[in-house]
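Beneath this line is the structure, given in structure tokens, with notes to follow.
Structure representation (structure tokens):
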């Protein structure tokens, strides 16, 4: 159950409909005391695929909404609970479908496509990052948003951006 709830906001003659999702992500002990990743207070197995988002007829552009849904549903039917998006950021529709179909997403930080300069990737760590584009944070499918490694990643990214 992805725990999504429909909402409608009305202001004068304007009306907008969307959804909200509520969940908690963390680490906790299972019945035997073994530390586990938890989703909504329950142990949740993050069994996932590396999804690079390639499409045979358009390389990185999905051919249709139905094709995106079909891929996500195929992974669910095969028993997977998570997709790691590695090489790109998908269209927001893809994240919407992951939300409603109950598929977690581990979104990697996408590189700029060029070679790394040694002095940039070996910087000392800095402070918090301020993202330019916060659209993806609104999707409940993101499973790594509260993980311990996120703060470390944010510090490193912020320092690299400042350095550049």
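In our numbering, the protein residues as written are 103 to 266.
We put the beta carbon where it would ideally sit given N, CA and C, even for glycine.
Small disclaimer: the values here were computed from a predicted structure and weren't measured.
Between the C-alpha atoms of residue 174 and residue 113, what's the straight-line distance to the nearest angstrom?
35 Å
By the three-class DSSP mapping on this structure, what secondary structure does residue 154 have?
coil
Could you pull out every residue in the same chain whose Cβ sits closer than 6 Å to the Cβ of residue 145, ignoring the five residues on either side in sequence?
132 and 138
Note down the Cα distance separating residue 235 from residue 135, rounded to an integer number of angstroms.
In this prediction, residue 235 has a pLDDT of 48, which is less than 50 and means its spatial position is unreliable; what the coordinates show is noted afterwards. Each residue's Cα considered, the two are about 39 Å apart.
Using the Cα positions of residue 196 and residue 264, report the straight-line distance between them to the nearest angstrom.
31 Å
Quick check on DSSP: helix, strand or coil for residue 266?
coil
Can you give the Cα-Cα distance for residue 108 and residue 189, rounded to whole angstroms?
Distance from the CA of residue 108 to the CA of residue 189, rounded to the nearest whole angstrom, comes to 31 Å.
Does the structure place the region 113-126 close enough to the region 154-164 that three or more beta carbon pairs sit under 8 Å?
no
For residue 208, count neighbouring C-beta atoms within 10 Å of its own C-beta (all shown protein chains included) and say buried if the count is 16 or more, exposed if not.
buried
With DSSP as the reference, identify every bridge partner of residue 133, one or two as the case may be.
Looking at the DSSP assignment, residue 133 forms no beta bridge with any residue, so it has no partner.
So what's residue 168 in DSSP terms, helix, strand or just coil?
Helix, per DSSP.
By the 10 Å Cβ neighbour count, where 16 or more other Cβ atoms means buried, how is residue 153 classified, buried or exposed?
buried
With a 10 Å radius around its C-beta and 16 neighbouring C-beta atoms as the bar for buried, classify residue 194 as buried or exposed.
Exposed, since its Cβ has fewer than 16 Cβ neighbours within 10 Å.
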